[in-house]
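Participant: Here the sequence shown stands for residues -22 to -1, 1 to 481, numbered as in mature numbering (1 follows the signal peptide of the UniProt record, and there is no 0).
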Amino acid sequence: MKMMKKVASTALVGLMVGSSLVGCGNSATTSTNDTQSPDKAPATESSTTPAADAAEANKEVSKPEKIHWMVHSGMNAENGSDQWVEEFEKKTGIDMELEMVSNNEYKTILELAFASGRVPNVFDLTGENLAIYVKQGAIRDLTDWVKNSDFYDRVDPGVWEAVELDGKIYAVPIEVPSAAVTYVRKDWLDRLGMDIPTTYDEFTAMLTAFKNDIPECTVPLTAPGLKVSMNLPEFFLGANPDFIKKDGKWVNGMLEPNMADALQRLQDAYKDGLIDLEVVTNTTSNCRDQWYSGSVGVFTYWGGNWGQTLTERLQVNVPEAEVVAIPPIEGAVYEYAVPTLLCISADTPEEEAEGIFKYFFEYMHDGGEGQVLFQSGVENLHWKQEGDKLVQLPTLSNPDETFRKAWITPWMSISPLEVTDKNLDLAQSVVDSLEIANTYAEQKSVYPVSDTLTKIKSDLTLVKENVIANVVMGNMSVEEGLNKYKEEASMLGADKVVEEMNQ
């Protein structure tokens, strides 16, 4: 399904229908099953009588004195998170304990917080592990608060339908997720007199020319690993090493016929030096650093915000560099990310939790002062007012970069701004990459719950990673690799996963 700009919020729908149901089948939550969750059930539903509903809507909600928020994405201290906290406290009168956690450590630290009994009031989950936390009674039922909120009707109804589990809403999406698109050094194409590639042969010819004819090119194409089709769409060409839905039935993508062709393409490109030789052990940060240095010709990464970041940081080192987000080549598939959802811990007493929802969640999506603060940060620190424009200022840590978001990307919000004097001019690199993403990117398949997948996901992922790496590096043939995967995956119970997913 193609994602169009008109329905930016609706882009969430298909993703989150699947993501919300994935929890029991995602490795990110396997260890959570062994964690001692709070000994409290989610908030119960209120009476459904009209009189009770009216009383509930009109009752006074106490403002919380303090909110403990654990977060792993957004602005850091060097770009003004301390000043943001001060501004939030000044505007709301609520003490904010902001706990910044690195992305790589977030899952572990959140689980330790549950184990130790020091659970943050507010934290985020991916749609992949939401169901696990709901099943454990670790997060509060927000249904009544969401439906009685000021922003409920401003959000696309499909968003709320998508985050429901058994008719209840346990989390609010922070923003509409991004899609990954492929960025190319346009200045290198121009130097070589080449056009933007539209087929696989043209794409590999471009990489070969970068390798042979651009002296500063040490890595024609970089990627953070091999096991995710999103990172290498031009080589997978529609193949997907995950469990996927095909003709209405769930199948193991690693065992589909098109996977053999994908692995052969990857093996050939790696042998020819077209893909980063360190791709197996690459991290995302390492890929970005390579790109910024000016030594990489092609990198698939998030559209929108990152279109500008990848351009600006590259131009610090290579002022004449030009970057373009290209449409997918024939057969390639761009994919949307799994969305991030904001939750309230069930360990937070109900009255306090309701106050947090009203004075934090509603404030974040209020269409006015609060939403501007969560989107664009602090006035005269992160942005300034010029007429009816909100002008983004340079970041505190790097005056050559523009500050673009605090916690919510302004152009990816689930609720529209209602104030009319905060118009934002987007950089062309943001507009272009967003247009590519919104035009071509596709939803991920809906994931039903599989108890077996919950148990074997980590081991199965290791088998998949090992096989793909060895095939790509030429240590085994494509046939040998797929046979090895089939044998080991079957021993783990992958066949039962498919059976459970199709029940």
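A virtual CB, placed ideally from N, CA and C, is assigned to each residue, including glycine.
Assuming the contact rule is C-beta atoms closer than 8 angstroms, valine 150 and phenylalanine 338 should be a hit. Round their C-beta distance to whole Å, please.
Facilitator: Counting from one through the sequence shown, the residue named residue 150 turns up at place 172. Counting from one through the sequence shown, the residue named residue 338 turns up at place 360. Their Cβ separation, rounded to whole angstroms, is 10 angstroms, which puts valine 150 and phenylalanine 338 out of contact at 8 angstroms.
Participant: What is the rounded straight-line gap between the Cα of lysine 249 and the Cα of valine 456?
Facilitator: As a working note, residue 249 is residue 271 in the sequence shown. As a working note, residue 456 is residue 478 in the sequence shown. Roughly 14 angstroms separates the two Cα atoms.
Participant: Based on Cα-Cα distance, which residue from Lys44, Tyr161 and Thr182 lies nearest to alanine 415?
Facilitator: In the sequence shown, counting from the first residue as 1, residue 415 sits at position 437. Checked all of Lys44, Tyr161 and Thr182; the closest Cα to alanine 415 is Tyr161.
Participant: Identify, in the order they occur along the chain, each residue of the same chain with its Cβ nearer than 6 angstroms to the Cβ of phenylalanine 335, setting aside the five sequence neighbours on each side.
Facilitator: Residue 335 sits at position 357 when you count from the first residue of the sequence shown. Only Trp123 meet the Cβ criterion.
Participant: Specify the secondary structure class of glutamate 364 as computed by DSSP and reduced to three states.
Facilitator: Numbered from its first residue, the sequence shown carries residue 364 at position 386. The answer is strand: DSSP assigns glutamate 364 an E or B state.
Participant: With tyrosine 84 as the anchor, note down where its alpha helix (DSSP H) starts and where it stops.
Facilitator: As a position in the sequence shown, residue 84 is number 106, starting the count at 1. Here the alpha helix (DSSP H) through tyrosine 84 covers 84 to 94.
Participant: Mind listing, in chain order, the continuous alpha helix (DSSP H) runs of no fewer than 4 residues lying wholly within the region 263 to 333?
Facilitator: Runs of the alpha helix (DSSP H) inside the region 263 to 333: 283 to 295.
Participant: May I have the straight-line CA-CA distance separating cysteine 2 from isoleucine 110, to the nearest angstrom?
Facilitator: Within the sequence shown, numbered from 1, the residue matching residue 2 stands at position 24. Within the sequence shown, numbered from 1, the residue matching residue 110 stands at position 132. Its pLDDT being 33, under 50, cysteine 2 is placed unreliably in this model, and the value from its coordinates should be taken loosely. The alpha-carbon atoms of cysteine 2 and isoleucine 110 are separated by roughly 6 angstroms.
Participant: Using the Cα positions of valine 301 and tryptophan 284, report the straight-line distance between them to the nearest angstrom.
Facilitator: Within the sequence shown, residue 301 is the residue found at index 323, counting from 1. Within the sequence shown, residue 284 is the residue found at index 306, counting from 1. So the alpha carbons of these two residues sit roughly 11 angstroms apart.
Participant: CB-CB under 7 angstroms to proline 305, same chain, minus the five flanking residues each way: which ones, in chain order?
Facilitator: Position 327 of the sequence shown, counting from 1, holds the residue named residue 305. Excluding residues within five positions, the ones whose Cβ falls inside 7 angstroms are Ile414 and Tyr418.
Participant: Give me the Cα-Cα distance between histidine 360 and arginine 132, rounded to the nearest whole angstrom.
Facilitator: Locating residue 360 in the sequence shown gives position 382, counting from the first residue. Locating residue 132 in the sequence shown gives position 154, counting from the first residue. C-alpha separation (whole angstroms): 26 angstroms.
Participant: Could you give the C-beta distance for valine 350 and lysine 400, rounded to a whole number, given that I count them as a contact under 8 angstroms?
Facilitator: In the sequence shown, residue 350 corresponds to position 372, counting from 1. In the sequence shown, residue 400 corresponds to position 422, counting from 1. At roughly 6 angstroms, the Cβ-Cβ gap stays under 8 angstroms, so valine 350 and lysine 400 are in contact.
Participant: May I have the straight-line CA-CA distance separating alanine 21 from serine 40, to the nearest angstrom?
Facilitator: Within the sequence shown, numbered from 1, the residue matching residue 21 stands at position 43. Within the sequence shown, numbered from 1, the residue matching residue 40 stands at position 62. With a pLDDT of 39 at alanine 21, under the threshold of 50, the modelled position of this residue cannot be trusted; read the value that follows with caution. Going from the Cα of alanine 21 to the Cα of serine 40 covers about 17 angstroms.
Participant: Going by C-alpha to C-alpha distance, which of Met48, Gly58, Lys44 and Leu108 sits closest to proline 372?
Facilitator: In the sequence shown, the residue the question calls residue 372 occupies position 394. The option with the nearest alpha carbon to proline 372 is Gly58.
Participant: Below 8 angstroms on the Cβ atoms is my contact criterion, and I expect isoleucine 152 with leucine 374 to pass it. Report the Cβ-Cβ distance as a whole number of Å.
Facilitator: Here residue 152 refers to the residue found at position 174 of the sequence shown. Here residue 374 refers to the residue found at position 396 of the sequence shown. Contact doesn't hold; Cβ gap of about 22 angstroms is too wide.
Participant: Determine, using beta carbons only, whether leucine 120 and isoleucine 147 come nearer to each other than 7 angstroms.
Facilitator: Reading the sequence shown from its first residue, position 142 is the one you call residue 120. Reading the sequence shown from its first residue, position 169 is the one you call residue 147. In contact: leucine 120 and isoleucine 147 (Cβ atoms closer than 7 angstroms).
Participant: Valine 159 and glutamine 268 - do their beta-carbons sit closer together than 7 angstroms?
Facilitator: Residue numbering aside, residue 268 sits at position 290 when the sequence shown is read from its first letter. Residue numbering aside, residue 159 sits at position 181 when the sequence shown is read from its first letter. Their beta carbons are not under 7 angstroms apart, which means glutamine 268 does not touch valine 159 by this criterion.
Participant: Measuring only between beta-carbons, confirm whether lysine 249 sits less than 7 angstroms from chain C.
Facilitator: The structure shown has no chain C; it contains just one protein chain.
Participant: What's the gap between the Cα of phenylalanine 213 and the Cα of leucine 402?
Facilitator: Taking the first residue of the sequence shown as position 1, residue 213 is located at position 235. Taking the first residue of the sequence shown as position 1, residue 402 is located at position 424. Approximately 37 angstroms between the Cα atoms of the pair.
Participant: In the structure shown, what three-state DSSP assignment does glutamine 481 receive?
Facilitator: Counting from 1 along the sequence shown, the entry for residue 481 is found at position 503. Looking at glutamine 481 - three-state DSSP - the assignment turns out to be coil, as it is neither helix nor strand.
Participant: Examine the ligand NAD and report whether any of its heavy atoms sits within less than 6 angstroms of the Cβ of isoleucine 110.
Facilitator: Questions concerning the ligand NAD fall outside what the structure shown contains, since it holds no ligand whatsoever.
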